[in-house]
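Working notes, beginning with the structure itself.
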Amino acid sequence: MRRMAQRGLALASTIALLATAAACSGDDGSGPGGASVPGVTDTEITVGTHMPLTGPASAGYSKIAPATKAYFDYVNANGGVHGRKITYKIMDDGYNPANTQQVVRQLVLQDKVFAILNGLGTPTHTGVLDFLKSNRVPDLFVASGSRSWDQPDKYPGTFGFNPDYTVEGKILANYAKANLAGQKVCFLGQDDDFGRDSLAGVEKVLGSTAVAVKQTYVTSNTNVAPQIGAFKAAGCQVVVLATVPGFTALSIGTAARLGFKPQWLVSNVGADHPTLAKQLGAAAPLLEGMVGTNYLPMQNDTANPWIQLFTKVNKEHNGDAPFDGNTVYGMSVGYLFVQTLLAAGKDLTREKVLEAVRKGGFQGPGLVPLRFSEKDHSGYGGQRLSRVSGGVQSYFGPAYETDEADGPVNEYTATPAAPPANGVPSGS
């Protein structure tokens, strides 16, 4: 009898421990029975990111997260989201995948952030997808156009932001086909999914044999003379660049040194004129005629109400830092995240925020639609072309949208949304 009683007590203790553990787990963000949600209190929401504040991709990109934080500070000054202030923890990974894994583990396991927001880079973020999935951490609005983020079945908690690089490649190639027909097209891309996905888009429009010379680069080697020299030797007339800003500048500067002057068609992630002009210094006139893409308001369009809003936020909460496309990008990410939090409701959980993104319907600064749905986790679905003329980067022609498959490149004619009067999404 005594042994039975002891066993009964042991069993009761085990059940009690299991029940306590179940009630306190909360790590899936479901928050049943009042269980705590990581990174969320009654007064605060803590999210984190990994960014190249230093290293080979820091040119321009180091400004993104501070701009996002500035927008959050603006929202916080206006009452926050459902009474909660947003805290943004920004970790430098130097665009090194090994560092990314280390800082993301710290954000999740030590800082216990609610979500990872806008982690930057194809090679860097790819290495943390499985970790974030296994820890059930929302992985929102990745700062890259890799198609890896659009895998709802494999990574249900990951969503992109940028148009995917295949979409972009198709839009750039569509321009080449319509305006540069008969000219020899060549391609330089980063040696990862960024470059490969972009090339796939170009070849979907021009054909698999239409790209005469294909070259790659790695961010650890800043000498691109062999690649540019190969283009010159082959007589390339059009060069598509799937490059981060530092390597756009290196490519154009190296080409000038070699006496090579093609038409440059540049990915949106490496085509911000103020960033490139700063990199090139006195050689900035080499950017004249460069064709790029973008999907957010142009940083120099002072008549645009979004630029007016973001300029105000930049002055009030970002130390009036030099204003460029990276600033616009960072604040646009912040705006979308605030919209998502509002849609998720006051009783915030990780699952509710993912449900809000899957439901979609968000309108913000973008010139093209966001694609979010149950089956589509990619971000923006198109772009508009820009050109540098007289030292000024401006849009020309219509916006375009397409898919990453074999669908056509179509004009997108809907009028972009205007920001709310106070610059904060309604309902906060």
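If you use mature numbering (1 follows the signal peptide of the UniProt record, and there is no 0), the sequence shown corresponds to residues -21 to -1, 1 to 407, in order.
The beta-carbon is built from N, C-alpha and C at its ideal position, and this holds for glycine as well.
Taking 8 Å as the cut-off, the Cβ atoms of N273 and N57 do not count as close.
Residues of the same chain with a CB within less than 6 Å of the CB of P253, apart from the 5 flanking positions on each side, are D303 in chain order. In the DSSP assignment, L346 falls outside any alpha helix (DSSP H), carrying neither H nor E. In the three-state scheme derived from DSSP, where H, G and I count as helix and E and B as strand, P276 is classed as coil. With contacts defined as CB atoms closer than 8 Å, K48 and E23 fail to qualify as a contacting pair. When secondary structure is reduced to three states using DSSP, L266 falls in the helix class. By the CB criterion at 8 Å, A36 and Y74 fall inside the cutoff. Annotation: S177 is outside any beta strand (DSSP E); the continuous alpha helix (DSSP H) that includes it extends over 172 to 185. If you keep only unbroken beta strand (DSSP E) runs of at least 3 residues inside the region 26 to 87, you get 64 to 71. Cβ neighbours of A44 within its own chain (closer than 6 Å, five residues either side excluded): T28, M30, I69. Leaving aside the five residues that flank R366 on each side, the residues in its chain whose CB is nearer than 6 Å to its CB run, in chain order, V270, F375.
Nearest Cα to V121 within the set V146, S113, A94: A94.
Between P117 and R363, the CB-CB gap reaches or exceeds 8 Å. The three-state secondary structure of K193, taken from DSSP, is strand. A direct Cα-to-Cα measurement between L237 and G208 gives close to 7 Å. Classified as buried, A256 has 16 or more neighbouring CB atoms from the shown chains inside 10 Å of its CB. G309 and P276 have their C-alpha atoms some 12 Å from each other. A residue is called buried once 16 or more other Cβ atoms fall within 10 Å of its Cβ, and A77, having fewer, is exposed. Beta-bridge annotation (DSSP): Q372 is paired with V367.
Short of 7 Å from the beta carbon of Y196, and not among the five residues preceding or following it, lie these beta carbons of its own chain, in chain order: L167, Q169, D170, V203, Q206, F226. Annotation for N158: the continuous alpha helix (DSSP H) segment containing it runs 144 to 158. Beta-bridge annotation (DSSP): V218 is paired with C165, W243.
Per DSSP, reduced to three states, the secondary structure at Y391 is strand. In the structure shown, E353 falls within a coil segment according to DSSP collapsed to helix, strand and coil.
Going by beta carbons, N279 and Q372 fall inside the 8 Å limit. Three or more Cβ pairs closer than 8 Å define a contact, and the region 239 to 249 falls short of that threshold against the region 330 to 341.
In this structure, DSSP gives E383 a state outside helix and strand, which the three-state scheme calls coil. Within the model, the alpha-carbon separation for V218 versus K240 is close to 10 Å.
Taking C-alpha positions only, P377 is separated from V19 by approximately 42 Å. With contacts defined by Cβ atoms closer than 8 Å, G124 and D143 form a contacting pair. By the 16-neighbour rule on beta-carbons within 10 angstroms, T319 is buried.
Closest in alpha carbon position to T381, among A160, R350, T290, T233, is R350.
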